[in-house]
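A.B. asks:
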Amino acid sequence: MKRSIKPGNPMFVAARHLRKWYSQQAFADAYDRVARAEGIKISISARQVRRWESADPPWPHPDARRVLTAMFGLSLEELGFRAPYDLAAVERAALSPRDTSGTEREDDEGWRNLLDDIPERLGQLIRLERDAISLWSYETLMIPGLLQSPTYALSAAQMRNPTIPSSAAYERMCIRMQRSERLMRSGRPASFIVSEAALHQPIGGLAVLAEQMGHLLALASENPQVSIQVLPLDAAFVVPSPCLLLEMSPGRMVAWLEQLTGSVLVESPDDVMSFRAVFERLSTTALPSVATLERIDERRRALCTAAEVAVHQAGAPLRTRTPTIVSKSRPWEPLSE
Numbered sequence: 054m055k056r057s058i059k060p061g062n063p064m065f066v067a068a069r070h071l072r073k074w075y076s077q078q079a080f081a082d083a084y085d086r087v088a089r090a091e092g093i094k095i096s097i098s099a100r101q102v103r104r105w106e107s108a109d110p111p112w113p114h115p116d117a118r119r120v121l122t123a124m125f126g127l128s129l130e131e132l133g134f135r136a137p138y139d140l141a142a143v144e145r146a147a148l149s150p151r152d153t154s155g156t157e158r159e160d161d162e163g164w165r166n167l168l169d170d171i172p173e174r175l176g177q178l179i180r181l182e183r184d185a186i187s188l189w190s191y192e193t194l195m196i197p198g199l200l201q202s203p204t205y206a207l208s209a210a211q212m213r214n215p216t217i218p219s220s221a222a223y224e225r226m227c228i229r230m231q232r233s234e235r236l237m238r239s240g241r242p243a244s245f246i247v248s249e250a251a252l253h254q255p256i257g258g259l260a261v262l263a264e265q266m267g268h269l270l271a272l273a274s275e276n277p278q279v280s281i282q283v284l285p286l287d288a289a290f291v292v293p294s295p296c297l298l299l300e301m302s303p304g305r306m307v308a309w310l311e312q313l314t315g316s317v318l319v320e321s322p323d324d325v326m327s328f329r330a331v332f333e334r335l336s337t338t339a340l341p342s343v344a345t346l347e348r349i350d351e352r353r354r355a356l357c358t359a360a361e362v363a364v365h366q367a368g369a370p371l372r373t374r375t376p377t378i379v380s381k382s383r384p385w386e387p388l389s390e
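Read the sequence shown against our numbering and you will find it ends at 390, with the numbers running on by one and no gaps.
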């Protein structure tokens with residue numbers, strides 16, 4: 054039976070991976086140890102873990118809630134047992150002034166608190182993405198945010214700021230996943246050009262990067278309006294900096310440039326057209342769609358092999374995997390399961 058590649062509960066999976074419980078059975082064993090330490094005489098199986106990682110996870114009973122909180126140090130909402138984020142509330146909280154009348158919506162206030170340590174430019178970018186009728190993205194060293202898997206997004210957040218609290222990293226990941234989901238659901242055309250270097254940057258480790266490759270293949274297969282191209286390492290034309298172009302209305306485009314210390318919104322028609330010309334040249338230089346999928350799948354195969362060898366060297370038995378162009382396993386599930 055073919056397994057669905059639709060997201061289940063990526064936040065729980067990401068939390069498990071972050072703490073190095075790479076298999077569901079390993080997590081179940083760790084759960085049993087923590088339960089005993091908490092004086093709780095109840096154990097779980099890998100089957101129960103799969104239920105918690107499903108698209109509609111059951112709300113844990115009180116003893117299980119106690120154990121999960123002890124294991125992760127996170128609330129159940131942060132573990133995906135109910136959707137903790139509402140992108141519309143994020144937009145309102147990030148883009149509107151604080152309401153001092155005492156009538157502000159409760160969920161908006163919650164997101165204001167969440168966004169206190171997130172740059173204000175995030176709200177501006179969210180609004181641009183929401184209003185754009187199409188977009189073009191070019192990335193050099195990382196997978197574009199709108200194409201990131203949950204575990205990759207979490208690893209990227211922690212890489213950028215190693216001191217960020219785990220809860221804040223999860224919240225940022227949740228926002229990014231919701232942004233991606235909204236884009237895919239909207240059906241708006243979106244073109245992504247990714248430098249092949251991004252396919253080799255092991256953000257989060259080999260297993261996380263392998264999952265990310267599968268996630269790209271899944272997105273490409275499920276969203277025909279989304280174009281993904283890889284710019285080969287030996288390409289004759291390259292651009293050193295990432296860029297995002299957004300078509301806000303027919304004939305009107307803006308460019309969004311990410312920098313180390315901030316972001317720049319370019320609205321001058323002449324400047325934007327220069328960026329558009331560069332993007333078109335990148336598109337003709339990059340691999341076409343089919344060749345791109347083959348290159349991504351080739352990289353995924355290599356990563357799967359490397360990850361399996363690493364596990365074997367650590368003392369676990371070596372398995373044989375047979376990857377396919379479009380992953381049949383959930384991209385966010387660990388390789389060892």
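Heads up, the beta-carbon is just placed ideally off N, CA and C, and yes, glycines get one too. Since this is a predicted model, take the numbers as computed values, not measurements.
Could you round the C-beta distance between MET195 and ALA209 to whole angstroms and report it? I think they count as a contact, below 8 Å.
C.D. replies: Translated into the one-based positions of the sequence shown, residue 195 becomes position 142. Translated into the one-based positions of the sequence shown, residue 209 becomes position 156. Contact holds; Cβ gap of about 6 Å.
A.B. asks: Report, in whole angstroms, the separation of the C-beta atoms of PRO335 and VAL292, which I expect to be a contact under 8 Å.
C.D. replies: Mapped onto the sequence shown, residue 335 falls at position 282. Mapped onto the sequence shown, residue 292 falls at position 239. The sequence shown places Leu at residue 335, not Pro. Between VAL292 and LEU335 the Cβ distance is about 6 Å, and since that is below 8 Å, they are a contact.
A.B. asks: Determine the direct distance from the alpha carbon of TRP309 to that of ARG352, and round the result to whole angstroms.
C.D. replies: As a working note, residue 352 is residue 299 in the sequence shown. As a working note, residue 309 is residue 256 in the sequence shown. Cα-Cα distance, rounded: 29 Å.
A.B. asks: Does the Cβ-Cβ distance between PHE125 and ALA68 come in under 8 Å?
C.D. replies: For this step, residue 125 is matched to residue 72 along the sequence shown. For this step, residue 68 is matched to residue 15 along the sequence shown. Contact: yes.
A.B. asks: Hey, could you find the ends of the beta strand (DSSP E) TRP309 is sitting in?
C.D. replies: Here residue 309 refers to the residue found at position 256 when the sequence shown is read from its first residue. 305–312 is the extent of the beta strand (DSSP E) around TRP309.
A.B. asks: With 16 as the cutoff for other CB atoms within 10 Å, does ASN62 come out buried or exposed?
C.D. replies: Here residue 62 refers to the residue found at position 9 when the sequence shown is read from its first residue. Result: buried.
A.B. asks: Rounded to the nearest angstrom, what separates GLY240 and ARG229 at their Cα positions?
C.D. replies: Residue 240 sits at position 187 when you count from the first residue of the sequence shown. Residue 229 sits at position 176 when you count from the first residue of the sequence shown. Spanning the two alpha carbons is a distance of roughly 18 Å.
A.B. asks: Quick check: the segment 285–303 against the segment 259–275, are there 3 or more CB pairs under 8 Å?
C.D. replies: Taking 8 Å as the limit for Cβ pairs, the verdict is that the segment 259–275 does not touch the segment 285–303.
A.B. asks: Would you be able to state if there are at least three C-beta pairs under 8 Å between the segment 339–355 and the segment 266–276?
C.D. replies: Flag = yes, the segment 266–276 and the segment 339–355 touch.
A.B. asks: Just mark SER327 as buried or exposed, buried being the case when its beta carbon has 16 or more other beta carbons within 10 Å.
C.D. replies: Start at 1 with the first residue of the sequence shown, and residue 327 comes out as number 274. When all chains shown are included, SER327 counts as exposed.
A.B. asks: DSSP three-state call for MET212: helix, strand or coil?
C.D. replies: Residue mapping note: residue 212 aligns to position 159 of the sequence shown, counting from 1. Three-state DSSP puts MET212 in a helix.
A.B. asks: List the whole-angstrom C-beta distance separating LEU132 from MET64, where the pair is believed to meet the contact cut-off of C-beta under 8 Å.
C.D. replies: The residue you call residue 132 lines up with position 79 of the sequence shown. The residue you call residue 64 lines up with position 11 of the sequence shown. 6 Å between Cβ atoms; contact.
A.B. asks: My understanding is that LEU127 touches SER219, with C-beta atoms under 8 Å, so please give their C-beta distance in whole angstroms.
C.D. replies: Within the sequence shown, the letter at position 74 stands for residue 127. Within the sequence shown, the letter at position 166 stands for residue 219. About 7 Å; that satisfies the 8 Å criterion.
A.B. asks: Can you grab the Cα-Cα spacing for the pair ILE95 / SER76, in whole Å?
C.D. replies: Position 42 of the sequence shown, counting from 1, holds the residue named residue 95. Position 23 of the sequence shown, counting from 1, holds the residue named residue 76. Roughly 20 Å between the two C-alpha positions.
A.B. asks: Can you round the beta-carbon distance between TYR191 and ILE256 to whole angstroms, since I take them to be within the 8 Å contact cut?
C.D. replies: Counted from its first residue, the sequence shown places residue 191 at position 138. Counted from its first residue, the sequence shown places residue 256 at position 203. Rounded, the Cβ-Cβ distance is 18 Å, inconsistent with contact.
A.B. asks: Under a three-way DSSP split, which group does GLN282 fall into?
C.D. replies: Taking the sequence shown and counting its residues from 1, one reaches residue 282 at position 229. GLN282 falls in the strand class under three-state DSSP.
A.B. asks: Helix, strand or coil for LEU71? Go by DSSP, reduced to three states.
C.D. replies: To locate residue 71, count along the sequence shown from 1; it is residue 18. The answer is helix: DSSP assigns LEU71 an H, G or I state.
A.B. asks: For GLY92 and ASP116, I'd like the C-alpha separation in whole angstroms.
C.D. replies: For the purposes of this step, residue 92 is taken as the residue at position 39 of the sequence shown. For the purposes of this step, residue 116 is taken as the residue at position 63 of the sequence shown. If I take the Cα positions, the gap works out to 10 Å.
A.B. asks: Helix, strand or coil for GLY240 per DSSP?
C.D. replies: Taking the first residue of the sequence shown as position 1, residue 240 is located at position 187. Coil at GLY240, not helix or strand.
A.B. asks: Could you give the first and the last residue of the continuous beta strand (DSSP E) run that contains GLU300?
C.D. replies: The residue given as residue 300 occupies position 247 in the sequence shown. Residues 296–302.
A.B. asks: Contact check, ALA99 vs GLN78 under 8 Å by CB: the rounded distance?
C.D. replies: Here residue 99 corresponds to residue number 46 of the sequence shown, with the count starting at 1. Here residue 78 corresponds to residue number 25 of the sequence shown, with the count starting at 1. Contact holds; Cβ gap of about 5 Å.
A.B. asks: Helix, strand or coil, according to DSSP, for SER316 in the structure here?
C.D. replies: One-based indexing of the sequence shown puts residue 316 at position 263. DSSP places SER316 in strand when its eight states are reduced to three.
A.B. asks: Is the CB-CB distance between LEU200 and LEU270 below 8 Å?
C.D. replies: Counting from 1 along the sequence shown, the entry for residue 200 is found at position 147. Counting from 1 along the sequence shown, the entry for residue 270 is found at position 217. No. Outside cutoff.
A.B. asks: Kindly indicate which residue of GLU224, VAL331, VAL317, ILE281 has the alpha-carbon position closest to the one of PRO341.
C.D. replies: Reading the sequence shown from its first residue, position 288 is the one you call residue 341. The shortest Cα separation from PRO341 among GLU224, VAL331, VAL317, ILE281 belongs to ILE281.
A.B. asks: Drop a sphere of 10 angstroms on the beta-carbon of LEU318, count the other beta-carbons inside from all chains shown, and report buried for 16 or more, exposed for fewer.
C.D. replies: Reading the sequence shown from its first residue, position 265 is the one you call residue 318. Per the 10 Å Cβ criterion, exposed.
A.B. asks: Can you check which of these residues, ILE186, THR204, PRO203, ASP287, is closest to SER244 by C-alpha distance?
C.D. replies: For this step, residue 244 is matched to residue 191 along the sequence shown. Comparing Cα positions, the closest option is ILE186.
A.B. asks: Between the alpha carbons of PRO197 and TRP112, how many angstroms are there, rounded?
C.D. replies: On the sequence shown, residue 197 is found 144 positions in, with the first residue counted as 1. On the sequence shown, residue 112 is found 59 positions in, with the first residue counted as 1. For PRO197 and TRP112, the distance between alpha carbons rounds to 33 Å.
A.B. asks: Starting from TRP189, trace the beta strand (DSSP E) in both directions and tell me its first and last residue.
C.D. replies: The residue labelled residue 189 in the question sits at position 136 within the sequence shown. Looking at the DSSP string, the run of the beta strand (DSSP E) that includes TRP189 is 187–192.
A.B. asks: Hey, how far is the Cα of ARG72 from the Cα of ALA90?
C.D. replies: Locating residue 72 in the sequence shown gives position 19, counting from the first residue. Locating residue 90 in the sequence shown gives position 37, counting from the first residue. Approximately 18 Å, taken between the alpha carbons.
A.B. asks: Where does VAL291 fall in DSSP's three states?
C.D. replies: Taking the sequence shown and counting its residues from 1, the one referred to as residue 291 is at position 238. Coil at VAL291, not helix or strand.
A.B. asks: Decide if ASP152 is buried, meaning its Cβ has at least 16 other Cβ atoms within 10 Å, or exposed.
C.D. replies: Position 99 of the sequence shown, counted from the first residue, corresponds to residue 152. Interpretation of ASP152 is limited by its pLDDT of 43, a score under 50 that renders its predicted location unreliable; no figure is taken from the coordinates.
A.B. asks: Do MET266 and LEU129 have their C-beta atoms within less than 8 Å of each other?
C.D. replies: Within the sequence shown, residue 266 is the residue found at index 213, counting from 1. Within the sequence shown, residue 129 is the residue found at index 76, counting from 1. Result no, Cβ atoms of MET266 and LEU129 do not sit closer than 8 Å.
A.B. asks: Can you tell me the Cβ-Cβ gap for MET226 and ALA251, rounded? I've got them flagged as a contact below 8 Å.
C.D. replies: Here the question's residue 226 lines up with position 173 in the sequence shown. Here the question's residue 251 lines up with position 198 in the sequence shown. Not quite, the Cβ-Cβ distance comes to about 18 Å (not below 8 Å), so this is no contact.
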